[in-house]
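Heads up: the structure comes next, in structure tokens.
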Amino acid sequence: MLFHSILFYVFAAIMFGAALGVVFSRNPVHAVMFLVLTFFNAAVLWLMAEAEFLAIVLVLVYVGAVMVLFLFVVMMLDVDVEAAQRGLTRFAPLGIGIALIMVVELIQVIWLRSQISQTSSGFAATPEGYSNTKALGSVLYTEHVYAFEIAAVILLLAIVAAITLTMRKRPGLKVQDISAQVAVRAKDRVRIVKMDAEKKS
Amino acid sequence: MIEFFTEAWNSLPPLVQYLTVTTWKILIVTIGVILIVAFSTYFERKVIGSMQARIGPNRVGPFGLLQPFADVIKLLIKEVIVPSQSSKFLFVIAPLLSLTPALATWAVIPLNDWYVIADINAGLLYVLALTSVGVYGVILAGWATNSKYALLGAMRSAAQIVAYEIAMGFALVGVLMAGGSLNLGAIVEAQAGGVSHWFLLPLLPLFVVYWVSGVAETNRAPFDVAEGESEIVAGFHVEYSGVAFAVFFLAEYANMVLISTLTAIFFLGGWASPFEGWTFLNDIAGLAWLTAGGLHWLFLKMCFFMYTFFWLRATFPRYRYDQIMRLGWKVFIPVTIVWIAVEGVMAWFQIGPWAGLNA
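Right under this line is the structure:
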């Protein structure tokens, strides 16, 4: 158990440091990389809480897809570092206020509830051969299938909306029609003329 | 003497015993993979050489077999040049970020029926998560170099990798539906019983999608626009030299070996033998290994797919960028979605090899 807590504190400390790095690094790309590190350590902490499905999905979705697109955008932007630095002090009261609200909410969820119920003391030991993924799946596709389907439809709607918003027909754009190109036969394009090499006079 | 060692071993705490055994397992797998990577460069040059009616490497050692080591030593003693306006830390760490996921994925790959470093339940998800992390090495290398060509190469490559990852993930959804598990060992066991039980034929469209997406994912020809020499010099690693370049090279080949092994596991039965059930082979002396499953079958299947990588490279011209995107988004993703639906219907009506698995 000692080994477990050492691991927990090491990863928690790295996560905390990385989160500070997101806020304080001057370069936006470095900030994004710190955020990736934060996500990774959060995934490790979830793994240690035996929530392996959530942990791996966090890496798969946030680190593997969302942050890559983030990095894309940040690399393309020409961020004025000086202006961003001035913003830090200007927005600090607002940021601290939001952080305080979040801390209060977390205390309410974790501490007060455990005071009331008195039942949860750490994580319940899972039985041998228990699969987190399987348990989540069986709940998600039976009990909560309605909410799950609604979430899927909303995501689909978002995809369609994003595509229709960005798609525009530009006049005079040259587009390939690959099936038409493949279907072309030589006789449609080339006229073969049979004639003598030289006319006899 | 032996008693002394067993006694010393048993006196160790279980955690230390576990850590020691796992460390050795990791070392064996990693060194094996790196050796395979080294010799696959030799294999590639020989295969492409013979396809182009050349000899290939034949100077260093017998049949040129020591050529990979000569290359490694040459790259090790070259100077690593760090561009002056680059972001130095990211520039140095980028090659490592592309190599590490390729090696870390081996943790969940079953090499035979008992040798697997971490036999976790969500193995397939772990594979997907780590392959999606590999893109960071490429993007950061392109950005940290502070060069137009490198950034363009990184952009192309990242868009391509993100696009093909989706098709790859969907293809794997089909595999896990057929296998009834996310554990790679269980997926291999679901394919036991010879060629007819492999997922190759029932999931043929998914196999094609997965394999071609794998070629695109590793940025190999004909999908190597990330380093299209004729357009953007060498893409994201244009400013890398010496060891840093060698690590990128190693990462590319390690990814190829990984994709080959994963394709073998998901669609060709992994370490299972194709002749399982041909009991008459057991009676012939010296042929028993044909019916027994094991590492040799996984290795042979992996070699076949590595050969296919080189074959594709020697055969096809490079795709144009918009054609790559069209293939990924408009062809592969619809194909996988249709086949997952077909598979769902078949599983519902209990048709096919996965009947009875969804208990």
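In the order they appear, the protein sequences are chains A and B. Under our numbering, the first residue of the first sequence carries the number 1, and numbering increases by one thereafter. Under our numbering, the first residue of the second sequence carries the number 202, and numbering increases by one thereafter. Each residue gets a CB set at the ideal place from its N, CA and C atoms; glycine is no exception.
- Residue-level contact by beta carbon holds for B/S333 and chain A, with a gap shorter than 8 Å.
- Residue state for B/P406 is assigned as helix, using DSSP reduced to three classes.
- Between B/V410 and B/A372, the C-beta gap is smaller than 8 Å, which places the two residues in contact.
- C-alpha of B/I525 to C-alpha of B/R421: approximately 12 Å in a straight line.
- At a cut-off of 8 Å between C-beta atoms, B/A359 counts as an interface residue with respect to chain A.
- Boundaries of the alpha helix (DSSP H) around B/R357: K349 to G380.
- Contact note: A/M75 reaches chain B through I340, G343, W344, L352, A355 and M356, using a C-beta cutoff of 9 Å and chain order.
- When Cβ-Cβ separations below 8 Å define contact, A/T133 makes contact with chain B.
- For A/E52, the closest Cβ of chain B is nearer than 8 Å.
- Taking the Cα positions, A/E52 is about 8 Å away from A/A43.
- In this chain, the alpha helix (DSSP H) harbouring A/H30 covers P28 to M48.
- For A/L54, the CB contacts under 6 Å within the same chain, skipping 5 residues up- and downstream, are W46 in chain order.
- Between B/P311 and B/G495, the CB-CB gap reaches or exceeds 8 Å.
- Neighbours of A/G64 in chain B, taken as residues at a C-beta separation under 7 Å, are given in chain order as A330, S333 and V334.
- Taking a cut-off of 8 Å on C-beta distances, the stretch 461-478 of chain B does not touch the stretch 247-257 of chain B, as fewer than three cross pairs fall below it.
- Against A/F3, the close residues of chain B are L216, in the order they occur along the chain (beta-carbon pairs closer than 7 Å).
- Using a CB distance below 9 Å, no part of the stretch 299-317 of chain B faces chain A.
- Closer than 8 Å to the CB of A/V22 there is not a single CB belonging to chain B.
- Rounded to the nearest angstrom, the gap between the Cα atoms of B/L326 and A/P171 is 44 Å.
- Between the alpha carbons of A/I163 and B/R527 lies a gap of roughly 15 Å.
- CA-CA distance, B/I232 to B/L463, rounds to 18 Å.
- Exposure of A/L2 is indicated by the presence of fewer than 16 other C-beta atoms within 10 angstroms of its C-beta.
- Contact note: A/F72 reaches chain B through A359, using a C-beta cutoff of 7 Å and chain order.
- Classified as exposed, B/Q551 has fewer than 16 neighbouring CB atoms from the shown chains inside 10 Å of its CB.
- The C-beta separation of B/A355 from B/S288 comes to about 13 Å, leaving the pair out of contact by the 8 Å criterion.
- Counting only Cβ-Cβ distances below 7 Å, A/I56 has contacts in chain B at A323, L326, Y327 and A330, in chain order.
- For A/V68, the closest Cβ of chain B is nearer than 8 Å.
- A Cβ-Cβ contact shorter than 8 Å links A/A31 with A/S25.
- Around B/L304, the same chain offers T231, V234 and A455 as residues with beta carbons nearer than 7 Å, after the five sequence neighbours per side are excluded.
- For the stretch 380-394 of chain B, residues whose beta-carbon sits nearer than 7 Å to a beta-carbon of chain A comprise L383.
- The three-state secondary structure of B/G262, taken from DSSP, is coil.
- Secondary structure at B/K279: coil, using DSSP grouped into helix, strand and coil.
- Contact annotation: the stretch 286-302 of chain B touches the stretch 442-454 of chain B, with at least three C-beta pairs closer than 8 Å.
- Selection B/G545, B/F517, B/F510 and B/P535 evaluated against B/F244 yields B/F510 as nearest (Cα-Cα).
- When Cβ-Cβ separations below 8 Å define contact, B/V363 makes contact with chain A.
- Here B/T221 carries a helix assignment [DSSP, helix/strand/coil].
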